[in-house]
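Just so we're aligned: the sequence shown equals residues 0 to 528 in numbering that gives the first Met the number 0.
C-beta: ideal position from N, C-alpha, C; glycine also.
Here is the structure we will look at.
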Amino acid sequence: MPENYDAIVIGAGMGGLMCGNFLARAGRRVLMLEHNHQPGGLMAGFWRKGFYFDAGDQSIENMGIVFPLLKQLGLYHPDDWERAMYRFIHPGMDHIITDFAGTAEALAKVFPTDAQGIRRFFSKIEEFSALMQTATNTGRLPFTATGLEQIVGVMRLAMLGMRNMSLAWEMINGKIEALAKHHITDPDALKFFLMPGYQGMSIMNGAGFWHMWVHDYWYPRRGIQSLMDALAGNFRYHGGQIRFKNMVEEIIVGNGRALGVRTAQGENLYAKHIIYCGDMIRLYTKMLPAGTASAAFLNKITTAPVAEPLVALYLGLDIEPADLRKLLKVHHTFYIPQNGAKELAQINEPDMHRDTWIEINAPCLDNPTLAPVGKSAVTVQTMTNYHWINTWGTGGDEHARPDEYRRLKEKVKNDLLHNLENVIPGVRNKVAYWDLGTPLSTIRFTLNKEGGSCAFTFDPELAPFSRRPAQFRTPVRGLYMAGQWSLWPGGIVGAAMSGKIVATHILSGFYSEATDRIYQLIRKARRAG
0 MPENYDAIVI GAGMGGLMCG NFLARAGRRV LMLEHNHQPG GLMAGFWRKG FYFDAGDQSI
60 ENMGIVFPLL KQLGLYHPDD WERAMYRFIH PGMDHIITDF AGTAEALAKV FPTDAQGIRR
120 FFSKIEEFSA LMQTATNTGR LPFTATGLEQ IVGVMRLAML GMRNMSLAWE MINGKIEALA
180 KHHITDPDAL KFFLMPGYQG MSIMNGAGFW HMWVHDYWYP RRGIQSLMDA LAGNFRYHGG
240 QIRFKNMVEE IIVGNGRALG VRTAQGENLY AKHIIYCGDM IRLYTKMLPA GTASAAFLNK
300 ITTAPVAEPL VALYLGLDIE PADLRKLLKV HHTFYIPQNG AKELAQINEP DMHRDTWIEI
360 NAPCLDNPTL APVGKSAVTV QTMTNYHWIN TWGTGGDEHA RPDEYRRLKE KVKNDLLHNL
420 ENVIPGVRNK VAYWDLGTPL STIRFTLNKE GGSCAFTFDP ELAPFSRRPA QFRTPVRGLY
480 MAGQWSLWPG GIVGAAMSGK IVATHILSGF YSEATDRIYQ LIRKARRAG
């Protein structure tokens with residue numbers, strides 16, 4: 000069978016774009032297939048009537064990974080980035096996060112009976128943050144380097160871990176909820192600390208959010224889609240080809256080896272390496288031959304929860320950016336009402352999205368060109384449930400979108416506007432444009448199960464690969480995974496890092512016919528055992 004390409008990359012999100020860029024830059028013939036009309040995946044953005052909105056991620060963490068990789072590709076320019084500052088509004092508190100001590104004091108005033116516990120909690124978070132800062136700032140992490148630099152990075156990281164073994168062990172194995180409960184007893188204070196975030200997070204993830212709010216959230220001034228477009232453009236510059244609106248429906252397999260792909264258009268395309276960068280569950284249940292993976296493996300990935308989905312209200316407002324800045328002050332604002340912790344499992348609760356916490360994102364404050372002159376673009380997000388009200392009135396994602404779906408979108412729009420009124424008074428009368436992104440919208444554009452905002456759940460006790468987070472190889476020779484599903488707990492950093500790792504392994508020959516055969520034998524032995 001002739002091989003038309005050295006590699007076919009399925010998916011033009013962060014993982015696919017990173018992998019494709021490093022392969023193409025090394026002179027490989029690479030084809031990238033993306034079912035959407037543009038690159039980006041969960042990091043895509045869009046324009047409507049002159050307003051720009053980020054559809055998924057609203058800011059980007061570097062963590063010593065993203066910027067070094069962009070530098071290697073010649074795509075990092077400091078002037079293109081701004082620090083994304085965060086503000087928390089809660090009854091009795093209006094605080095812009097700049098450091099841990101100041102945030103602890105702001106919350107101690109709101110919950111005075113737990114003031115000392117709150118200070119101890121943030122003191123502990125600051126310890127974890129300092130460890131993360133040292134790991135990501137002192138030279139390159141080994142995941143972004145090669146050769147001697149990588150060896151030095153591995154040794155440096157190992158020594159850092161040994162010097163901080165107890166703290167690192169606690170960070171990896173503990174849960175942020177348990178840490179909060181150890182220091183804080185006030186039920187209202189606990190609700191606040193556990194509200195804006197994923198359920199069951201480890202300390203590594205929970206402390207990571209606080210670390211990034213203080214040190215490490217960034218925003219591309221022209222919108223996150225501009226970064227995705229730059230990565231796609233660089234890929235093409237080095238000879239890579241991208242085909243949009245090309246859905247891959249099947250991995251062509253022969254004698255245990257991936258030979259190519261079959262698209263929804265009926266086209267067969269062949270390559271030496273296939274790199275899949277999408278939903279792992281879809282790969283094993285819909286795209287590979289039956290029996291490729293064991294029943295135990297399939298049960299593990301199909302029963303594991305995915306990360307909670309988001310619902311997003313996109314608003315074009317008749318408000319001058321300067322006037323909006325007086326109200327919001329910074330790019331990102333969390334509004335957390337007194338009883339804003341809604342139980343996401345109560346899928347029949349019609350008011351799930353009313354009087355809950357919201358994140359308000361307004362990149363036009365720093366770049367007014369992201370909206371028409373004299374107007375502002377704002378995205379309002381909160382967490383939701385894919386199954387809410389009979390899967391948003393549709394009965395399932397495969398079904399048509401009935402009038403009930405549109406009615407529920409209208410209701411959620413009004414509920415989120417009700418919440419937003421607490422921060423932008425009279426906003427309901429300033430709406431020039433609106434749309435609502437639901438979990439079903441996320442599925443439409445990214446194919447992620449249940450519209451998850453990340454890959455598998457952040458809860459290490461429920462995630463299928465929390466103990467063996469890297470899942471780059473598959474049981475099929477020549478077929479590899481990159482993207483957030485391949486490296487738990489996923490996210491932007493995991494996706495970017497996975498793309499570089501897989502590309503490096505392919506270029507080095509580590510991912511080859513011979514090593515794949517050895518991997519297959521090991522898997523068969525494990526299954527037999």
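Thinking C-beta only, is residue 447 closer than 8 Å to residue 456?
Here the question's residue 456 lines up with position 457 in the sequence shown. Here the question's residue 447 lines up with position 448 in the sequence shown. It is not a contact, given that the beta carbons lie outside the stated cut-off.
Taking contact to mean at least 3 C-beta pairs separated by less than 8 Å, is the stretch 340 to 354 in contact with the stretch 319 to 330?
They do not touch, by the three-pair rule.
Taking 7 Å as the cut-off, is the CB of residue 342 close to at least one heavy atom of the ligand HEM?
For the ligand HEM, the structure offers nothing, since it holds no ligand at all.
C-alpha gap between residue 266 and residue 409, whole angstroms:
Residue mapping note: residue 266 aligns to position 267 of the sequence shown, counting from 1. Residue mapping note: residue 409 aligns to position 410 of the sequence shown, counting from 1. The alpha-carbon atoms of residue 266 and residue 409 are separated by roughly 40 Å.
Pop quiz: residue 260 and residue 280 are said to be a contact at Cβ under 8 Å. What is the actual Cβ separation, rounded to whole angstroms?
Here residue 260 refers to the residue found at position 261 when the sequence shown is read from its first residue. Here residue 280 refers to the residue found at position 281 when the sequence shown is read from its first residue. 18 Å between Cβ atoms; not a contact.
Report the rounded CA-to-CA distance for residue 471 versus residue 90, giving the unit in angstroms.
Here residue 471 corresponds to residue number 472 of the sequence shown, with the count starting at 1. Here residue 90 corresponds to residue number 91 of the sequence shown, with the count starting at 1. Spanning the two alpha carbons is a distance of roughly 46 Å.
Residue closest to residue 48, alpha-carbon to alpha-carbon, out of 314, 7 and 391
On the sequence shown, position 49 is the one that residue 48 refers to. The shortest CA-to-CA distance from residue 48 to any of 314, 7 and 391 is the one to 314.
Taking 6 Å as the limit between beta carbons, can you name the residues of its chain near residue 110, skipping five residues before and five after?
The residue you call residue 110 lines up with position 111 of the sequence shown. Around residue 110: 185 and 188.
Same chain, Cβ closer than 7 Å to residue 83, neighbours up to 5 away in sequence not counted
Taking the first residue of the sequence shown as 1, we reach residue 83 at position 84. So the qualifying residues of the chain are 58, 216, 217, 218, 330 and 331.
Compare the Cα-Cα distances from residue 32 to each of 241, 98, 501 and 376 and report the closest residue.
Counted from its first residue, the sequence shown places residue 32 at position 33. Nearest C-alpha to residue 32: 241.
Is the stretch 514 to 524 in contact with the stretch 489 to 496, if contact means three or more CB pairs nearer than 8 Å?
The way I'd put it, the stretch 514 to 524 doesn't touch the stretch 489 to 496; fewer than three beta-carbon pairs between them come closer than 8 Å.
I believe residue 16 touches residue 246 by the beta-carbon criterion, under 8 Å. Please report the beta-carbon distance rounded to the nearest angstrom.
Locating residue 16 in the sequence shown gives position 17, counting from the first residue. Locating residue 246 in the sequence shown gives position 247, counting from the first residue. With a Cβ gap of about 18 Å, residue 16 and residue 246 do not count as contacting.
Given 8 Å as the limit, is there contact between the stretch 472 to 486 and the stretch 428 to 442, that is, 3 or more CB pairs closer than that?
Segment contact: the stretch 472 to 486 against the stretch 428 to 442, fewer than three CB-CB distances shorter than 8 Å; contact not assigned.
Could you pull out every unbroken beta strand (DSSP E) segment of at least 3 residues lying fully inside the stretch 274 to 330, listed in chain order?
Counting only runs of 3+ residues, the beta strand (DSSP E) found wholly inside the stretch 274 to 330 occupies 309 to 316, in chain order.
Beta carbon of residue 6, beta carbon of residue 24: below 8 Å?
Indexing the sequence shown from 1 puts residue 6 at position 7. Indexing the sequence shown from 1 puts residue 24 at position 25. Contact: no.
For residue 406 and residue 400, the rounded distance between their alpha carbons:
Locating residue 400 in the sequence shown gives position 401, counting from the first residue. Locating residue 406 in the sequence shown gives position 407, counting from the first residue. Going by the C-alpha atoms only, they are around 11 Å apart.
Between 121, 425, 325 and 421, which lies nearest to residue 192 when the distance is taken from Cα to Cα?
On the sequence shown, residue 192 is found 193 positions in, with the first residue counted as 1. Nearest C-alpha to residue 192 among 121, 425, 325 and 421: 121.
Provide the residue span of the alpha helix (DSSP H) that contains residue 173, from first to last.
The sequence position of residue 173 within the sequence shown is 174, counting from 1. Taken as a continuous stretch (DSSP letters only), residue 173 belongs to no alpha helix (DSSP H), as it is neither H nor E.
Would you kindly check if the distance between the Cβ of residue 451 and the Cβ of residue 276 is under 8 Å?
Numbered from its first residue, the sequence shown carries residue 276 at position 277. Numbered from its first residue, the sequence shown carries residue 451 at position 452. Contact flag unset, no.
Measuring CA to CA, which of 69, 308, 350 and 297 is closest to residue 415?
Position 416 of the sequence shown, counting from 1, holds the residue named residue 415. In terms of CA proximity to residue 415, 350 leads the group 69, 308, 350 and 297.
Here's the rule: buried if 16 or more other CB atoms are within 10 angstroms of the residue's CB, otherwise exposed. What is residue 212?
As a position in the sequence shown, residue 212 is number 213, starting the count at 1. Label assigned to residue 212: buried.
How is residue 418 classed by DSSP in three states: helix, strand or coil?
Residue numbering aside, residue 418 sits at position 419 when the sequence shown is read from its first letter. Correct three-state label for residue 418: helix.
With burial defined as no fewer than 16 other Cβ atoms inside 10 Å of the residue's Cβ, what is the status of residue 397: buried or exposed?
Taking the sequence shown and counting its residues from 1, the one referred to as residue 397 is at position 398. Burial call: exposed.
Start-to-end residues for the beta strand (DSSP E) that takes in residue 53:
If you number the sequence shown from 1, residue 53 lands on position 54. That run of the beta strand (DSSP E) goes 50 to 53.
In this structure, does DSSP put residue 205 in helix, strand or coil?
The sequence position of residue 205 within the sequence shown is 206, counting from 1. Of the three classes helix, strand and coil, the one that applies to residue 205 here is helix, per DSSP.
Comparing alpha-carbon positions, which option in 285, 126, 293 and 176 lies nearest residue 525?
Looking up residue 525 in the sequence shown gives position 526. Ranking 285, 126, 293 and 176 by Cα distance to residue 525 puts 293 first.
Simplified DSSP state of residue 378, which is helix, strand or coil
The sequence position of residue 378 within the sequence shown is 379, counting from 1. The three-state secondary structure of residue 378, taken from DSSP, is strand.
Where residue 247 falls: helix, strand or coil (DSSP)
Stepping through the sequence shown from its first residue, residue 247 is reached at position 248. Residue 247: strand per DSSP, three-state reduction.
Is there contact here, the stretch 295 to 305 with the stretch 40 to 54, by at least three beta-carbon pairs under 8 Å?
No, the stretch 295 to 305 is not in contact with the stretch 40 to 54.
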